[in-house]
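K.L.:
Taken in order, the sequence shown gives residues 64 to 278; the numbers are from this note's numbering. Every residue, glycine too, gets a C-beta built ideally from N, C-alpha and C.
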Amino acid sequence: MSTVVAIDGPAGAGKSTVARLLAEKMNFTYVNTGSLYRAVAWALKEAGLAVDDVTQEFLDKLVLEYKNGILLVNGVDPGAGLRTADIASGASLVSKKDFVRSHLLPVQRDAADKGWIVMEGRDIGTVVFPDARCKFFITASLEARAKRRLAQAGEVASGATLEEVKKEIAKRDEQDSKRELAPLRAADDAVVIDTGDMTPDEVVCAMEKVISAAM
Ligand code: DC
Numbered sequence: 064m065s066t067v068v069a070i071d072g073p074a075g076a077g078k079s080t081v082a083r084l085l086a087e088k089m090n091f092t093y094v095n096t097g098s099l100y101r102a103v104a105w106a107l108k109e110a111g112l113a114v115d116d117v118t119q120e121f122l123d124k125l126v127l128e129y130k131n132g133i134l135l136v137n138g139v140d141p142g143a144g145l146r147t148a149d150i151a152s153g154a155s156l157v158s159k160k161d162f163v164r165s166h167l168l169p170v171q172r173d174a175a176d177k178g179w180i181v182m183e184g185r186d187i188g189t190v191v192f193p194d195a196r197c198k199f200f201i202t203a204s205l206e207a208r209a210k211r212r213l214a215q216a217g218e219v220a221s222g223a224t225l226e227e228v229k230k231e232i233a234k235r236d237e238q239d240s241k242r243e244l245a246p247l248r249a250a251d252d253a254v255v256i257d258t259g260d261m262t263p264d265e266v267v268c269a270m271e272k273v274i275s276a277a278m
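1. Would you check if the distance between the CB atom of A86 and the CB atom of C197 is smaller than 9 Å?
2. Just to confirm, is the Cβ distance from V212 to G97 under 9 Å?
3. On the CB-based measure, 16 or more other CB atoms within 10 Å of its CB, does N90 come out buried or exposed?
4. Is T80 a contact residue of ligand 3, with contact defined as CB to any heavy atom under 8 Å?
5. With hydrogens ignored, establish whether the beta-carbon of V67 is closer than 8 Å to any heavy atom of ligand 1.
6. Could you check what DSSP says for E128 in three-state terms: helix, strand or coil?
7. Is it the case that the CB of A245 approaches a heavy atom of ligand 1 more closely than 8 Å?
8. Does the distance from the C-beta atom of R235 to that of K159 stay below 9 Å?
9. In the region 152-185, which residue ranges form an unbroken beta strand (DSSP E) of at least 3 residues, counting only runs that do not cross its ends?
10. Kindly indicate which three-state DSSP category F121 falls into: helix, strand or coil?
11. In whole angstroms, what is the alpha-carbon distance linking D176 and E226?
12. In whole angstroms, give me the CA-to-CA distance for F121 and V163.
13. Using CA atoms only, rank isn't needed, just tell me which of G132, V103, N137 and L205 is closest to Q119.
14. With a threshold of 8 Å, establish whether the CB of E237 neighbours any heavy atom of ligand 1.
15. Taking three-plus beta-carbon pairs below 8 Å as touching, is the region 183-195 in contact with the region 250-259?
16. Under three-state DSSP, which class holds A69?
17. Within the continuous beta strand (DSSP E) that includes T92, where are the two ends?
18. Pull up the distance between the alpha-carbon of M284 and that of V81, whole angstroms please.
19. List the residues that DSSP assigns as beta-bridge partners of K198.
20. Under 8 Å by Cβ, that's how I've got A154 and E218 pegged, so tell me the actual separation to the nearest angstrom.
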C-alpha cells in the first residue's frame with residue numbers, strides 16, 4: 064500500500080484548503096493534480112491554441128514537474144495564472160481526452176516516490192493510487208460550494224452572481240462526473256466528508272483521526 068492520502072471531490076468543496084492544511088500539520092508533501100490539467104489549458108492559451116488543438120506532440124514538448132509541491136511549467140511557476148475561471152473550464156475540457164490523462168498519469172505517480180504525500184484531484188483514489196493508504200471524498204452542496212467560491216477572490220469573474228457561479232460549478236460537475244474516463248466519483252473505500260457545516264480545521268481533525276488509525 065502506498066504512502067498516499069488521496070483526496071477527491073467536486074469543484075469548490077474545499078479540497079485544496081483542507082489538503083494543504085492537512086499536509087502542513089502532518090508534515091507530508093502536498094500535491095494538487097488539478098494544476099496539471101490547468102497547466103495544459105494554460106500552456107495552450109499561452110501558445111494561442113484552443114483546447115481542442117491539444118495533441119500528443121504538444122504534450123511531449125511540455126515540461127511539467129513538481130518542485131516542493133509547486134508545479135513548474137517549462138520551468139516557470141504560472142502562479143495565479145492557473146486559477147482563473149477560464150483556465151478551470153479549459154482544464155475540465157482537456158481532462159476528458161484519453162491521451163491527456165495517460166500523459167499526466169506518470170507525472171502524478173512520480174510525485175509520490177518519496178515519503179508521505181497528500182494528493183488531491185478527481186480520480187486519485189480510483190485511478191492514480193487505487194492502493195492509497197487513506198482515501199477521502201470531500202463534498203458539499205452546490206449552494207455551499209458556490210457561496211465559498213464567491214467569497215474567494217480569483218476563480219470567479221468580478222461581479223459574478225451566486226446563480227452564475229452555481230451554473231458554472233454545476234457545468235464542471237457534470238463534465239467531470241459524466242466523462243467516460245476516470246470520472247469524478249468516490250472510491251468504494253473512501254471516507255466521505257460533507258464539509259457544508261464544517262470549518263477547515265474540523266475537516267482536518269476528522270481526517271487526522273482516520274490517518275492515524277491507518278498508519
Ligand atoms: O481541482 P481543479 O479544480 O484544479 O481541477 C481542474 C480540472 O481538472 C477539473 O475540472 C477536472 C480536471 N481534473 C481531473 O480530471 N483529474 C484530476 N485528478 C484533477 C483534476
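P.N.:
For this structure:
1. no
2. Position check: residue 212 holds Arg in this sequence, whereas Val was assumed. No.
3. exposed
4. With respect to ligand 3, the structure shown offers nothing to examine, as its ligands consist of ligand 1.
5. Checking the Cβ of V67 against ligand 1 gives no.
6. strand
7. yes
8. no
9. If we require 3 residues or more, the beta strand (DSSP E) runs fully inside the region 152-185 come out as 180-184.
10. helix
11. 42 Å
12. 10 Å
13. V103
14. no
15. yes
16. strand
17. T92 to N95 is the extent of the beta strand (DSSP E) around T92.
18. This structure leaves residue 284 out entirely; the chain is present only between 64 and 278.
19. A69
20. The Cβ separation is near 12 Å, so there is no contact.
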